[in-house]
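So the sequence shown is numbered by the numbering used here: it starts at 2 and just counts up by one.
Where is the CB? At the ideal position from N, CA and C, for every residue including glycine.
Everything below concerns the one structure shown next.
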Amino acid sequence: VAEALNAGGNSQGKEAVVKGSQCLQGMRLLVVEDNLLNQQVALELLEANGAVVTLASGGVEGKMLALSAVVPFDAILMDLQMPDIDGLEATRQIRLNAHMLSVPIIAMTANAMQSDKDACLAAGMVDHIAKPIELDRMLATIVRHTGPAKASRGVAVEEQTESDSSKVLNYELAIKRINGKRDLYERLVGVFRTESQAHLEGFQQGVQKGDMSVAGINLHSLKGAAGTMGAEILQQLVSSIEEDLKSMSVDRITEVMYVGWIKDIENSLCDVVFALDLNFPQAK
């Protein structure tokens, strides 16, 4: 009990692990495991604690399910030894995609040597769960990297999409933050359209030239501008990419990775501009 409490990460997480029954309520978890017995154990333990579990029988299938999910999984539990590609290679391939950089991937392994743990971290995993699986340790590890379960995680994809669309442009909140000055917000719309594109181009040029300082400054400015306009999804996306950029050395940033970042920002930015044009047709 003491070990589970210490692994919980925070008081709210610790309480959830101790209660046990529904501490993963609504979490969408992907379990990548080729052993049928281990699959069944993980499935029943996780579902009994409220998780919605998807099973993959190998590394290739796990990678495909992870990348094709409309809404990313809250966490991925990844076996290391599998017949097609192992968990380390599957993780490396998943991490090549920008939208998967923030999804916790947790190793499930019987290997407890420090070299094995180091290999997991180097591949892009965030932690490991020892086999045979112990429920308290597994729950504590998942909660530590995802936070306590929230009721909103259990809603359908359609409801999540609807909720997300309302956050594309929360202009009412943005106007409230500037003391209700709608006319000022309308003037900011034109500035945002120009400046946001300039910051995106600055980020792209900085990354391509290996100048992480320039790339970081432009990302930070774009995040601030998105927050000012009430573009919550764009702000969260840029913030996530900014954190990834800070944690990585230049030589680890591949072309596939930064092209993915740019594409994600462009798509989100297009949604914001469309919403601005729809709600403020004269502010161009």
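Go ahead and pull the three-state DSSP assignment for residue i.
i: Met79; result: strand
i: Leu97; result: coil
i: Val72; result: coil
i: Thr55; result: strand
i: Val169; result: coil
i: Ala1; result: Since the displayed the chain opens at 2 and closes at 285, residue 1 lies outside it and no answer follows.
i: Leu246; result: helix
i: Val42; result: helix
i: Ala232; result: coil
i: Gln161; result: Only weak support exists for where Gln161 lies, its pLDDT of 43 falling under 50; the value from the coordinates is given anyway. In this structure, Gln161 counts as helix in the three-state DSSP scheme.
i: Leu102; result: coil
i: Val32; result: strand
For residue i, which residues in the same chain have their Cβ closer than 8 Å to its Cβ, ignoring the five residues on either side in sequence?
i: Leu201; result: Asn219, Leu223, Ile263, Ile266, Glu267 and Leu270
i: Val1; result: Outside the displayed span of the chain (2 to 285) sits residue 1, for which this structure offers no information.
i: Ile84; result: Checking the displayed sequence, the identity of residue 84 turns out to be Pro instead of Ile. Excluding sequence neighbours, Pro84 sits near Asp35 and Gly59.
Our contact map puts residue i next to residue j with C-beta atoms below 8 Å; I'd like the distance itself, whole angstroms only.
i: Ala91; j: Val169; result: Not confirmed; about 32 Å, so no contact.
i: Gly217; j: Leu246; result: 6 Å
i: Ile130; j: Met109; result: 5 Å
i: Met28; j: Thr147; result: 6 Å
Whose C-beta lies closer than 7 Å to the C-beta of residue i among residues of the same chain, with five residues either side of it excluded?
i: Ala175; result: Tyr186, Thr229, Met230 and Gly231
i: Ile86; result: Gly60 and Val61
i: Ser197; result: Leu223, Ala226 and Leu270
i: Lys118; result: His129
i: Ala67; result: Leu31, Phe74, Ile77, Ile95 and Met101
Here's the rule I'm using: 16 or more other beta-carbon atoms within 10 Å means buried, otherwise exposed. How should residue i be labelled?
i: Arg145; result: buried
i: Ile179; result: exposed
i: Ser255; result: A small correction: the amino acid at residue 255 is Thr; Ser does not occupy that position in the sequence shown. Label assigned to Thr255: exposed.
i: Gly88; result: buried
If I measure Cβ to Cβ from residue i and keep anything under 6 Å in the same chain, skipping five residues before and after, which residues do I get?
i: Val215; result: Gly207
i: Leu44; result: Val54
Tell me whether the region 122 to 138 and the region 32 to 51 touch, counting them as touching only if at least three CB pairs, one residue from each stretch, are closer than 8 Å. yes
So, do the region 190 to 197 and the region 208 to 219 have three or more beta carbon pairs nearer to each other than 8 Å? no
Cβ contact check for the region 227 to 242 and the region 63 to 75: 3 or more pairs under 8 Å: no
Closer than 8 Å is the cut-off here; do at least three beta carbon pairs connect the region 40 to 56 with the region 97 to 108? no
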